[in-house]
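In the UniProt record's numbering, the protein residues as written are 1 to 657.
Positions of the beta carbon are idealized from the N, C-alpha and C atoms, including for glycine.
Nothing here was measured: the structure is a model prediction, and the numbers come from that model.
Presented below is the structure to which this report refers.
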Amino acid sequence: MSSLQQLSATKDAKVLMVGAGGIGCELLKTLALSGFQDIHIIDMDTIEVSNLNRQFLFRQLHVGQSKAKVARDAVLRFRPHISITPYHANVKDSMFSVDFFKQFNVVLNGLDNLDARRHVNRLCLAADVPLVESGTTGFLGQVTVHMKGKTECYECQPKPAPKTYPVCTITSTPSKFVHCIVWAKDLLFAKLFGDKNQDNDLNVRSSDAASASEHTEDVFERRKDEDIEQYGRRIYDHVFGYNIELALSNEETWKSRNRPRPIYIRDALLDKPALQNGNVNKSCIFEDKSSVSAMTSLGLKNPQDVWSLAENSRVFLEALKLFFENREKEIGNLSFDKDDQLAVEFVAAAANIRAASFGIPLHSLFEAKGIAGNIVHAVATTNAVVAGLIVIEAIKVLQKDADNYRTTYCLEHETKKMLLMPIEPYEPNPSCYVCSETPLRLEINTRRSKLRDFVEKIVKAKLGMNFPLIMHGPALLYEVGDDLDDDMVKNYAANLEKVLSELPAPVTSGTLLTVEDLQQEFSCHMSIKHREEFDDEKEPDGMLLSGWTAAPLVEKDDKKAVGNGGSTSNAFAADLVDSEKDGDVEISEGTDIEISGKKRKLCDVSKDPIPDPLSVSDETRNHKQLEKFDVDDDDDDDEVEMFDDWESASNKKKRLR
Ligand SMILES: Nc1ncnc2c1ncn2[C@@H]1O[C@H](COP(=O)(O)OP(=O)(O)OP(=O)(O)O)[C@@H](O)[C@H]1O
Ligand SMILES: [Zn+2]
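Pasting the structure below:
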């Protein structure tokens, strides 16, 4: 293609970018510099201080402003004559309908979550607009072209399930720091500050001895008129002292494990009498609730210090106190958020105290935050490379150069002298429930599960639908929308509370349901099979969705990795290997692209597998990736790699090998 043709393709194109974060800022700049003249950007966020190190269109003065609008203004300063239309909105808003998508020649994603990616995928399929998808995690990245009927869609491959830990490891026998973090965040924090109606395993395992059950009743509730200091000490003694004593009474558990040590607050505070780098600052006044901090209040300065048991214990008590003194209204509604300083402090301190009890090395607040928040530090250069690759693929799409579409992985594989690995895109998966008509199967207890369980756990959580409509033959069982009359709303609300087999059109074994999303213009069929029992640990939803499997393996020579120069080379023939076990690597900045239950390797270059950076799903991505890199690293800080710069990153890799 000549550069003149290229120029006219970019000049005349109308493109939609979704996400103006790490990848999005680079992408907008590169689009503008490549000659694109009509660009629309959707981003729902405002700028945060933590974005400034890599989202170069933003400055300190923009903190708090719309990313989409500030990005537009910044680019118009050096390309004043192009048209950039910003939308400070969620791409899932109903204004972004299929018709809205139809006006674009190509859609470019720079998102960071699975949910939004799936939504855009469906809108692009419905509107028949090509999508260029992207994601990065640290040094790893991926760009893929999804074109209806020609290449696989974003959902053609099932996403890896989020990393989970056995309940008993978390509640009773932690052996790694990450187990302590999960306990502190998902159990203790949730129990004290979250929704009281939610299931929580804290009591169950902490009272392995049956006799304990009455002691744990309401123990987490603050008693009427109970002094906040006293309450904190009581919770402390209960979870780190009493519960550990109880666990120790079960001798069987400790036959082949190190016995934990119960810790009581009076002993913990004796551990080191004075704070190492600070003093309690009783007069600390916080300007607003987001600045409330136990560290500040205690005069602790450096988040990279590993605190002693005494310091962690003080942070624990102080954070608990500050929640009650400054954020009492939120208690009962909180869920852990890595950007909530006080929540991070509480979780880090609680995890460290538990770690001390189980003989696990303590970690700094900074490290604990990284683990709790699944943080892999972004690398601006990777975002820039990925943005460049997106534009290259977008130009091919505009020129209808389908033979040359590439899925390109950014690798960090210095020994192979290869940083980019382009391969031919995959064909649509014939069993994909999104881009083909293949029905799904659902095993469910039709006599016990309510329609509400089905809507929440399957239709919304698993199928990612926003405006669902559920039909059994011609009978409408449920529908969401603004134009429903009162009787319909009442009917559907009543249906939600009915078990499936007692609905007006009963859902039983053999029923074929149609589930549609009106906004996404997406529908699928689901055949129902009644099942009486489910395994609480393995199937906690009490239902099992299947029928959507990875595409069959492709013959080795069918997929070629193409060298960086763009020519096809057998030396880089890529091959699919089954990797149910260690699945895919996921991506975070723009992330959450997943690739599947497959991984690809460069078979002729080396026998070492190359990480497939492209799979991403919200919670799992970082752990998955790290598992891959850290196979030989047995210590317990292997859950998160933090790359602050190139040098430290390459040192880390050397160490690991
Ligand atoms: N549903 C959505 N609608 C619109 N924009 C979205 C949606 N989901 C995510 N985004 C945007 O995608 C961008 C992703 O960028 P990035 O991964 O750099 O995240 P970030 O929020 O800027 O950084 P970090 O997560 O590290 O704080 C964000 O700006 C975010 O607002
Ligand atoms: Zn598909």
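Candidates Leu16, Lys14, Ser8, Cys25: which alpha carbon is nearest alanine 380's? Residue mapping note: residue 380 aligns to position 380 of the sequence shown, counting from 1. Minimum Cα distance to alanine 380 is reached at Cys25.
May I have all residues whose beta carbon comes closer than 7 Å to any heavy atom of ligand 2, sorted in chain order? Glu152, Cys153, Glu155, Cys156, Pro428, Asn429, Cys432, Val434, Cys435, Ser436
Look at arginine 79 and alanine 32 and say whether their C-beta atoms are less than 8 Å apart. In the sequence shown, the residue the question calls residue 79 occupies position 79. In the sequence shown, the residue the question calls residue 32 occupies position 32. Against a cut-off of 8 Å, the Cβ pair of alanine 32 and arginine 79 comes out as a contact.
Going by beta carbon distance, what residues of the same chain come within less than 7 Å of glutamine 519, once the five residues before and after it are set aside? In the sequence shown, counting from the first residue as 1, residue 519 sits at position 519. Once the five neighbours on either side are set aside, the close Cβ partners of glutamine 519 are Ser94, Ser97, Asn466, Phe467.
Does the distance from the CB of tryptophan 548 to the CB of proline 158 come in under 8 Å? As a working note, residue 548 is residue 548 in the sequence shown. As a working note, residue 158 is residue 158 in the sequence shown. Cβ distance < 8 Å, so tryptophan 548 and proline 158 count as in contact.
Quick check on valine 489: buried or exposed, where buried means 16 or more other Cβ atoms within 10 Å of its Cβ? For the purposes of this step, residue 489 is taken as residue 489 along the sequence shown, with counting starting at 1. The residue in question, valine 489, is exposed, as its Cβ has fewer than 16 Cβ neighbours within 10 Å.
Does the region 421 to 428 come within contact of the region 152 to 170, defined as at least 3 CB pairs closer than 8 Å? yes
Euclidean distance between Cα positions of glycine 359 and threonine 382: Indexing the sequence shown from 1 puts residue 359 at position 359. Indexing the sequence shown from 1 puts residue 382 at position 382. Cα to Cα, glycine 359 sits roughly 38 Å from threonine 382.
Classify alanine 494: buried if its beta carbon has 16 or more other beta carbons within 10 angstroms, exposed otherwise. Mapped onto the sequence shown, residue 494 falls at position 494. That one is exposed.
Just to confirm before moving on: does the CB-CB distance between valine 145 and valine 397 stay below 8 Å? Residue 145 sits at position 145 when you count from the first residue of the sequence shown. Residue 397 sits at position 397 when you count from the first residue of the sequence shown. Contact flag set, yes.
Out of Glu456, Ala20, Val182, Ile39, which one is the CA nearest neighbour of alanine 394? Taking the first residue of the sequence shown as position 1, residue 394 is located at position 394. Nearest C-alpha to alanine 394: Ile39.
With the cut-off set at 8 Å, would you say leucine 503 and leucine 484 are in Cβ contact? Here the question's residue 503 lines up with position 503 in the sequence shown. Here the question's residue 484 lines up with position 484 in the sequence shown. Not in contact: leucine 503 and leucine 484 (Cβ atoms no closer than 8 Å).
Euclidean distance between Cα positions of alanine 74 and glutamine 55: Against the sequence shown, residue 74 aligns to sequence position 74. Against the sequence shown, residue 55 aligns to sequence position 55. Cα-Cα distance, rounded: 11 Å.
Taking the C-alpha atoms as reference points, what is the distance between asparagine 404 and cysteine 432? For the purposes of this step, residue 404 is taken as the residue at position 404 of the sequence shown. For the purposes of this step, residue 432 is taken as the residue at position 432 of the sequence shown. Rounded to whole angstroms, asparagine 404 to cysteine 432 spans 24 Å at the Cα level.
Leucine 4 versus valine 106 - alpha carbon distance: Translated into the one-based positions of the sequence shown, residue 4 becomes position 4. Translated into the one-based positions of the sequence shown, residue 106 becomes position 106. Spanning the two alpha carbons is a distance of roughly 20 Å.
Cβ pair count under 8 Å reaching 3, the region 326 to 334 against the region 228 to 248: no
Evaluate lysine 69 with the Cβ neighbour count: other Cβ atoms within 10 Å of its Cβ, from every protein chain shown; 16 or more gives buried, anything less gives exposed. Within the sequence shown, residue 69 is the residue found at index 69, counting from 1. So lysine 69 ends up on the buried side.
Does the contact criterion of 3 or more C-beta pairs under 8 Å hold for the region 445 to 455 versus the region 169 to 184? no
Beta-carbon within less than 7 Å of glycine 241's beta-carbon, same chain only, minus the 5 sequence neighbours each way: which residues are those? Numbered from its first residue, the sequence shown carries residue 241 at position 241. Cβ neighbours of glycine 241 beyond the five flanking positions: Pro262, Ile263, Tyr264.
Pull up the distance between the alpha-carbon of aspartate 536 and that of leucine 469, whole angstroms please. As a working mapping, residue 536 is identified with position 536 in the sequence shown. As a working mapping, residue 469 is identified with position 469 in the sequence shown. For aspartate 536 and leucine 469, the distance between alpha carbons rounds to 29 Å.
Phenylalanine 139 versus glutamate 318: straight-line alpha-carbon distance, rounded: The residue you call residue 139 lines up with position 139 of the sequence shown. The residue you call residue 318 lines up with position 318 of the sequence shown. Roughly 38 Å between the two C-alpha positions.
Classify asparagine 312 as buried or exposed, calling it buried when 16 or more other Cβ atoms lie within 10 Å of its own Cβ. One-based indexing of the sequence shown puts residue 312 at position 312. The residue in question, asparagine 312, is buried, as its Cβ has 16 or more Cβ neighbours within 10 Å.
Beta-carbon proximity check, lysine 529 vs serine 509, cutoff 8 Å: Along the sequence shown, read from residue 1 onward, the residue named residue 529 stands at position 529. Along the sequence shown, read from residue 1 onward, the residue named residue 509 stands at position 509. Closer than 8 Å, so yes.
Does the beta carbon of residue 677 fall short of 7 Å from some heavy atom of ligand 1? In the structure as shown, the chain starts at 1 and stops at 657, and residue 677 therefore has no counterpart that could be examined.
Residues near methionine 147 in its chain [Cβ-Cβ closer than 6 Å; skip 5 each side]: Walking along the sequence shown from the start, residue 147 turns up at place 147. Contacts found: Pro130.
Could you tell me whether any Cβ in chain B is nearer than 8 Å to the Cβ of lysine 462? The structure shown has no chain B; it contains just one protein chain.
When DSSP labels each residue in this structure, what does leucine 31 get in the three-state scheme? Walking along the sequence shown from the start, residue 31 turns up at place 31. Helix at leucine 31.
List the DSSP bridge partners of valine 167. Against the sequence shown, residue 167 aligns to sequence position 167. Valine 167 is not bridged to any residue.
By a C-beta neighbour count over all protein chains shown, 10 Å radius and 16 as the cutoff for buried, is threonine 408 buried or exposed? For this step, residue 408 is matched to residue 408 along the sequence shown. That one is buried.
What did DSSP end up calling glutamate 393 once you bin it into helix, strand or coil? Within the sequence shown, the letter at position 393 stands for residue 393. Of the three classes helix, strand and coil, the one that applies to glutamate 393 here is helix, per DSSP.
Would DSSP call aspartate 486 helix, strand or coil? Walking along the sequence shown from the start, residue 486 turns up at place 486. Helix at aspartate 486.
From Thr164, Lys301, Ser501, Asp112, residue whose alpha carbon lies closest to that of asparagine 90: Numbered from 1 along the sequence shown, position 90 holds the residue referred to as residue 90. Measuring from the Cα of asparagine 90, the nearest candidate turns out to be Asp112.
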